[in-house]
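Asker: So that we are looking at the same thing, I have put the structure below in structure tokens.
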Amino acid sequence: MTLSAREQYRILADSVAEILPEDEFVAKLERSVQTGVPLRVKLGCDPSRPDLHIGHAVVLEKLWQFQELGHQVIFIIGDFTAMIGDPSGRSKTRPALTLEETKANARTYLEQVGILLDVSRAEIRHNSEWLAGLTFAEVIRLAAQVTVSQMLERDDFHDRFEREQPIALHEFLYPLAQGLDSVHVRADVEIGGTDQRFNFLLARELQKHAGQEPQAIVLMPLLEGTDGVQKMSKSLGNYIAVLDSPREMFGKAMSIPDTLIVRYYRFATFATAEQAQQMEQQLQAGTL
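With numbering that gives the first Met the number 0 applied, the sequence shown corresponds to residues 0 to 287, in that order.
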């Protein structure tokens, strides 16, 4: 039996950092229930390294919830955008990768995603399908939809500009390329970490320009890596891979500061807010 929009919202809003715009997200759920047409829910992941990690699992778990509620999940392997390199949260330009390198990194992605998602029911796409064939004229038309001042509103670009650190021109193209993914797959909802806020909002503008209804945005908290400070990241090497052996996972998990026990329990599992609060109280009382 299909759950009501209110019941779906209660499930989907749990553990999220932010939903933008919330009223549009609710309206999309209501329309989906009324029409019986599932929402198209997008998650993109760049294969800058071969491994997906527990930080990705935070958003994959939310994507799984959408899938279990009957919505159409779209997993985009960013084999083309990985060549540009996502500048989100970066203090310097990422090293360039070739398309062959990104495709090699992505070879086991479906196996890894399949740990949480039913891949047979998901729409799996590679963004090289539509990005690799763009002409220079098309790139110019795309770039004309956003200004440099808008790009400099991003915290990472703004900070690098203020510190007079280099910002490569191709880095400005990354949010545009990612936004074009949403246009191409006609996303109703996009899921990602809080560091993707700017990119997702820009995608809404590109969708409007293309005559589409803009996507709603579901932002998930960023999970700290094994260093306990910076977000879990393939490029930083502070991650626990989803395909690590149990022994490897245990060893890496034991290096995580105890102060993050509750946070990991909350966001790296399906624990509810109430369960996480109960654990925190037990830890404080010394009964756990």
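Note that the Cβ used here is the ideal one computed from N, Cα and C, for glycine as well.
Would you identify the three-state DSSP class for residue 217, choosing helix, strand or coil?
Answerer: DSSP places residue 217 in strand when its eight states are reduced to three.
Asker: Go through the stretch 39-118 residue by residue and report every complete run of the alpha helix (DSSP H) that reaches 4 residues or more, in order.
Answerer: As far as the stretch 39-118 is concerned, its whole alpha helix (DSSP H) runs of at least 4 residues are 53-67, 80-83, 98-104 and 108-112.
Asker: Please tell me whether residue 31 and residue 81 are closer than 9 Å, where the distance is taken between their beta carbons.
Answerer: No, these two residues do not count as a Cβ contact at 9 Å.
Asker: Compute the Euclidean distance between the alpha carbons of residue 79 and residue 277, then round it to the nearest angstrom.
Answerer: If I take the Cα positions, the gap works out to 44 Å.
Asker: Can residue 96 and residue 138 be called in contact, C-beta distance under 9 Å?
Answerer: No, they are not a contact pair.
Asker: On the criterion of 16 or more Cβ atoms from any shown chain inside 10 Å, does residue 207 qualify as buried, or is it exposed?
Answerer: With fewer than 16 other Cβ atoms within 10 Å, it is exposed.
Asker: Would you call the stretch 253-264 in contact with the stretch 218-231, where contact means no fewer than 3 C-beta pairs closer than 8 Å?
Answerer: Contact holds: three or more Cβ-Cβ distances are below 8 Å.
Asker: For the 8 Å Cβ check, are there 3 or more pairs between the stretch 61-78 and the stretch 32-41?
Answerer: Yes: the two stretches touch, three or more of their Cβ pairs being nearer than 8 Å.
Asker: By how many angstroms is the C-alpha of residue 186 removed from the C-alpha of residue 141?
Answerer: Roughly 18 Å between the two C-alpha positions.
Asker: Does DSSP put residue 240 in a helix, a strand or coil?
Answerer: In the structure shown, residue 240 sits in a strand (DSSP, three-state: E or B).
Asker: What number of angstroms, rounded off, separates the C-alpha of residue 238 from the C-alpha of residue 209?
Answerer: The straight-line gap from Cα to Cα measures roughly 38 Å.
Asker: Would residue 218 and residue 17 qualify as a contact pair, given that the criterion is a beta-carbon distance under 9 Å?
Answerer: In contact: residue 218 and residue 17 (Cβ atoms closer than 9 Å).
Asker: Give me the Cα-Cα distance between residue 236 and residue 221, rounded to the nearest whole angstrom.
Answerer: About 15 Å.
Asker: Check the C-beta distance from residue 3 over to residue 266 and give it rounded, since I have them as a contact under 8 Å.
Answerer: About 26 Å; that fails the 8 Å criterion.
Asker: Note down, in chain order, each residue of its chain lying with its Cβ closer than 7 Å to the Cβ of residue 150, except the 5 sequence neighbours on either side.
Answerer: Within the same chain, residue 150 has close Cβ partners 156 and 171.
Asker: Consult DSSP for residue 223 and reduce its assignment to one of helix, strand or coil.
Answerer: Note: residue 223 maps to strand in three-state DSSP.
Asker: I believe residue 175 touches residue 145 by the beta-carbon criterion, under 8 Å. Please report the beta-carbon distance rounded to the nearest angstrom.
Answerer: Going by Cβ atoms, the distance from residue 175 to residue 145 rounds to 7 Å, so yes, they are a contact pair.
Asker: Residue 106 and residue 49 - do their beta-carbons sit closer together than 9 Å?
Answerer: Cβ atoms of residue 49 and residue 106: closer than 9 Å.
Asker: State the DSSP-derived secondary structure class of residue 163, mapped to helix, strand or coil.
Answerer: Note: residue 163 maps to coil in three-state DSSP.
Asker: Flag this pair as yes or no: are the beta carbons of residue 83 and residue 43 separated by less than 9 Å?
Answerer: Not closer than 9 Å, so no.
Asker: Could you check what DSSP says for residue 152 in three-state terms: helix, strand or coil?
Answerer: Coil at residue 152, not helix or strand.
Asker: Which of the three DSSP states is assigned to residue 124 in this structure?
Answerer: Looking at residue 124 - three-state DSSP - the assignment turns out to be strand.
Asker: What residue does the beta strand (DSSP E) around residue 17 start on, and which one ends it?
Answerer: 17-19 is the extent of the beta strand (DSSP E) around residue 17.
Asker: List the whole-angstrom C-beta distance separating residue 109 from residue 118, where the pair is believed to meet the contact cut-off of C-beta under 8 Å.
Answerer: Indeed they touch by this definition, with Cβ atoms about 6 Å apart.
Asker: Tell me where the beta strand (DSSP E) around residue 279 begins and ends.
Answerer: Where residue 279 is concerned, there is no enclosing beta strand (DSSP E), although the alpha helix (DSSP H) it sits in stretches over 272-284.
Asker: Please return the same chain residues whose Cβ sits closer than 6 Å to the Cβ of residue 201, not counting the five positions on each side in sequence.
Answerer: 174 and 178.
Asker: Can you grab the Cα-Cα spacing for the pair residue 102 / residue 143, in whole Å?
Answerer: One C-alpha to the other measures close to 30 Å.
Asker: Along the chain, where does the alpha helix (DSSP H) that runs through residue 138 open and close?
Answerer: Run containing residue 138: 135-142, per the alpha helix (DSSP H) assignment.
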